[in-house]
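Heads up, the thing below is written out as structure tokens.
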Amino acid sequence: MTDLVIRTLDASSAHLFDTMPDPLAFREKHRRTRYRPDWQRIAQRDGRTVARAAWWGLPEDSDPLLINWFDVAEGEEEAGAELLRTAPWRPGELELDLPSGWRDDPRLRAAADVRAAAARTAGYELLVERFLYRWTPQHGLPGRPGRLVFGGEPDDSVFFDLLRRIHSVTLDAHARRAIEQGGVDRAAQAELDVFHWMPSPRSWWQLARTPGGEPVGMHIPARNASGPCVGFIGVVPEQRGRGYAYDLLAECTHFLVGHGAEWIAAATDQGNFPMAAHFTRAGYPVVRERVNYRADHAPGAG
979 MTDLVIRTLD
989 ASSAHLFDTM
999 PDPLAFREKH
1009 RRTRYRPDWQ
1019 RIAQRDGRTV
1029 ARAAWWGLPE
1039 DSDPLLINWF
1049 DVAEGEEEAG
1059 AELLRTAPWR
1069 PGELELDLPS
1079 GWRDDPRLRA
1089 AADVRAAAAR
1099 TAGYELLVER
1109 FLYRWTPQHG
1119 LPGRPGRLVF
1129 GGEPDDSVFF
1139 DLLRRIHSVT
1149 LDAHARRAIE
1159 QGGVDRAAQA
1169 ELDVFHWMPS
1179 PRSWWQLART
1189 PGGEPVGMHI
1199 PARNASGPCV
1209 GFIGVVPEQR
1219 GRGYAYDLLA
1229 ECTHFLVGHG
1239 AEWIAAATDQ
1249 GNFPMAAHFT
1259 RAGYPVVRER
1269 VNYRADHAPG
1279 AG
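Mapping of the sequence shown onto this note's numbering: position 181 corresponds to residue 1159, and the numbering continues sequentially without gaps.
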């Protein structure tokens, strides 16, 4: 086997990123994503591109936040791993957005398995699998049960306190990871930081209470780099079992549509069966499945 040539791209060579087949339809998934050419790398053998990866972050970020495009040709798992290992960036997460039902299609499953094997070889371990949703008007606005009172709150500490309570008992894998690494306060602060990081207005954040004023939870209607999304849905532990997460999701959907959204993206862990059921009830179909990999000691140059 001939030697591997790995190169980081620039504006003049960015077209080389498109010289691989795309069996998992990443190009369609990332049609709204803007990548910096110098955060894209390819591995070539005999002039043929056998692996490629794109690191993503906001335009103002000095370092990428994660890897969200990773392709590897069949039999080139080590090339894919080397592409990640020798990169100068060390994000702690890699995600693959796969077609819905990919496990039922032998061709798609084989392609996903090659990329997963390369990621594992590079030091990434499976964190969680998620459902990705996309609501559009053809699915109809979900009914509002009318059981809760919603409103804004200018004090971040109120949201922080609710997040601490929500994350004290949670099915969310990212929150559980943050708790393992630094406790509930760290998980709550990390979530709050994400809310502030989103370009949507701070005034959109919403608390939910019973008519008697008891706190129930919160929902965060938001916009990320791709467009409108359900930023967060959370119910405090003592209010669970009443289906309130659906109420929050319905309200979040109405809020975003009222602010001009023509579609809404959302996601939840596949193991979070109650929330997945609420998305189905609210008219959110699964459009892709995300597999998140973690690397607490991420691979770096060398």
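Glycine is no exception: its CB is placed at the ideal position from the N, C-alpha and C atoms.
Taking only the alpha-carbon atoms, compute the straight-line gap between V1213 and D1000 and give it to the nearest angstrom.
-> 39 Å
In three-state terms, what does DSSP make of T1027?
-> strand
Nearest candidate by alpha-carbon position, reference V1127, set H1152, P1115, L1170, A1186 = A1186
State yes or no: is the C-beta of L1149 within less than 8 Å of the C-beta of G1219?
-> no
Which residue's Cα is closest to the Cα of A1228: G1236, G1161, L1119?
-> L1119
Where does H1008 fall in DSSP's three states?
-> coil
Among P1042, T1027, G1025, which residue has its Cα nearest to the Cα of W1033?
-> P1042
Cα-Cα separation, F995 to G1195 | 44 Å
Using DSSP bridges, identify the partner residues of D1049.
-> R1030
Quick one, which of E1103, I1045, V1235 has its alpha-carbon nearest Y1271's?
-> E1103
Please name the residue in T1064, A1065, I984, G1070 whose C-alpha comes closest to that of V1028.
-> I984
Express the C-alpha separation of P1193 and G1129 in angstroms, rounding to a whole number.
-> 11 Å
If F1173 sits next to G1209, beta carbons under 8 Å apart, how far is it from one beta carbon to the other, in whole angstroms?
-> 6 Å
By how many angstroms is the C-alpha of W1017 removed from the C-alpha of R1063?
-> 14 Å
What's the gap between the Cα of D1134 and the Cα of N1202?
-> 20 Å
When V1106, S991, V1265 are compared against Q1019, the one with the closest alpha-carbon = In the sequence on display, residue 1019 carries Arg and not Gln. Nearest option by C-alpha distance: S991.
Express the C-alpha separation of I1198 and F1137 in angstroms, rounding to a whole number.
-> 10 Å
How long is the line joining the alpha carbons of W1047 and A1166, rounded to whole angstroms?
-> 28 Å
Candidates L1226, M998, L1140, G1025, of which the one nearest R1125 by Cα | L1226
Close Cβ partners of Q1184 (< 6 Å) along its chain, the five nearest in sequence each way excluded | F1128, H1197
Look at the Cβ atom of A1260, then the Cβ atom of S1204, and state whether they are nearer than 8 Å.
-> no
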